[in-house]
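Participant: Numbering (the UniProt record's numbering), first residue to last: 1 to 239. In this text, a Cβ means the ideal position worked out from N, Cα and C, and glycines have one as well. Since this is a predicted model, take the numbers as computed values, not measurements. Sharing a structure below in structure tokens format, with a few things to ask.
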Amino acid sequence: MSNFGSQLDIHALTRAGLLLQLADPTLPIGGFNHSGGLETFVQHGAVHNAATLKEFVCTQLQQNWIHNDGAYVSLAYHSSKDNNLPALMQLDKQIGAAKVARELRESSYKLGIRLLKIFAPHYQTAIVRSFQEALLSQQVRGFYPLVFGLLAAAMHLDKAATLQAFYYNAVVGLITNGVKLIPLSQMTGQEMLIELHEKIAETVAASMQPSIKQLGATTLATDIRAMQHERLYTRLYMS
């Protein structure tokens, strides 16, 4: 092995690889089947070009996810590091109550359960086992942001990097769906993603210590459009 190669931190590289896999949009958990209400916005004409799609993504990132899914990832990570199952159980109840749209609520815990099935067998820490037992006894539903934070903590991933990966995954998902629905070119989608990296970083910084008072604050239009989605005449997505 070369001197350069011997200086590499293999454990750090392994953790980086795990983070890439954890946030991979192509994971077989069904994330690509959900638009989070975007499909309704497109059908109603509110999102109809690159500018309105970018505005929609920014709104979700900086006004919705930061107080909801992103905040729950951060809190779940912290609770998991402390091996605090009661705190995770309380977060599970809170996020379930906050997701008022049925499709968003159901899709979140289905994604979370599938994500847990992939990684939990390889990271059987005490808190992961306890969470699995709570899931089996129906004490928790296993919402995706909580499972994401739980697994990241079990893998000893950096918290800021975990949040960045989570937001990146969410942004990529919306852009990909928007490109397909409007439609736009793939190049337009990639240019949009490049322009949003700084906003993702800003949201990560704001999510390191989430405001409990703001927890659950949301964009009402998103909830309304998500509820309307299940009654659309034609649908490409499950939410």
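What's the C-alpha gap between A23 and Y168?
Facilitator: Distance between the alpha carbons of A23 and Y168: 8 Å.
Participant: Apart from the five residues just before and just after residue 304, which ones in its own chain have a Cβ nearer than 7 Å to its Cβ?
Facilitator: Residue numbering for the chain in the displayed model covers 1 to 239; residue 304 lies beyond these limits and cannot be assessed.
Participant: Give the DSSP-derived three-state secondary structure of F148 in the structure shown.
Facilitator: Three-state DSSP puts F148 in a helix.
Participant: Helix, strand or coil for S107 per DSSP?
Facilitator: Note: S107 maps to helix in three-state DSSP.
Participant: Taking DSSP as the reference, what is the three-state secondary structure of A12?
Facilitator: Correct three-state label for A12: helix.
Participant: For A153, is the classification buried or exposed, using 16 other Cβ atoms within 10 angstroms of its Cβ as the cut-off for buried?
Facilitator: Its Cβ being crowded by 16 or more others within 10 Å, A153 is buried.
Participant: From this set, A201, G216 and Q132, which residue's C-alpha is nearest L88's C-alpha?
Facilitator: Of the listed residues, the one whose Cα sits closest to L88 is Q132.
Participant: With D69 as the anchor, note down where its alpha helix (DSSP H) starts and where it stops.
Facilitator: First-last of the alpha helix (DSSP H) with D69: D69 to K81.
Participant: I need the DSSP call for F131, collapsed to helix, strand or coil.
Facilitator: F131 falls in the helix class under three-state DSSP.
Participant: Using a C-beta cutoff of 9 Å, does N83 count as contacting chain D?
Facilitator: Note that chain D does not occur in the displayed structure, where there is just one protein chain.
Participant: Could you pull the start and end residues of the alpha helix (DSSP H) that P86 belongs to?
Facilitator: P86 -> alpha helix (DSSP H) spans L85 to A98.
Participant: Tell me whether the region 159 to 179 and the region 31 to 44 touch, counting them as touching only if at least three CB pairs, one residue from each stretch, are closer than 8 Å.
Facilitator: Result yes; three or more Cβ-Cβ pairs closer than 8 Å.
Participant: Considering only C-alpha positions, which residue in the set Y123, T125 and K117 is nearest to L136?
Facilitator: When only C-alpha atoms are compared, the closest one is K117.
Participant: Below 8 Å on the Cβ atoms is my contact criterion, and I expect G96 with G142 to pass it. Report the Cβ-Cβ distance as a whole number of Å.
Facilitator: Not a contact, Cβ separation roughly 10 Å.
Participant: Can we say the region 143 to 152 touches the region 191 to 201, given the rule of at least three CB pairs closer than 8 Å?
Facilitator: Touching, no, given that fewer than three Cβ pairs across the two stretches are closer than 8 Å.
Participant: What does the alpha-carbon distance come out to for the pair S239 and F166?
Facilitator: At S239, the pLDDT of 46 sits below 50, so the modelled position is not reliable and the matter cannot be decided from this model.
Participant: Quick one: Cα of K110 to Cα of S185, how far?
Facilitator: Answer to the nearest angstrom: the Cα atoms are 30 Å apart.
Participant: In whole angstroms, what separates the C-alpha of V47 from that of A160?
Facilitator: One C-alpha to the other measures close to 31 Å.
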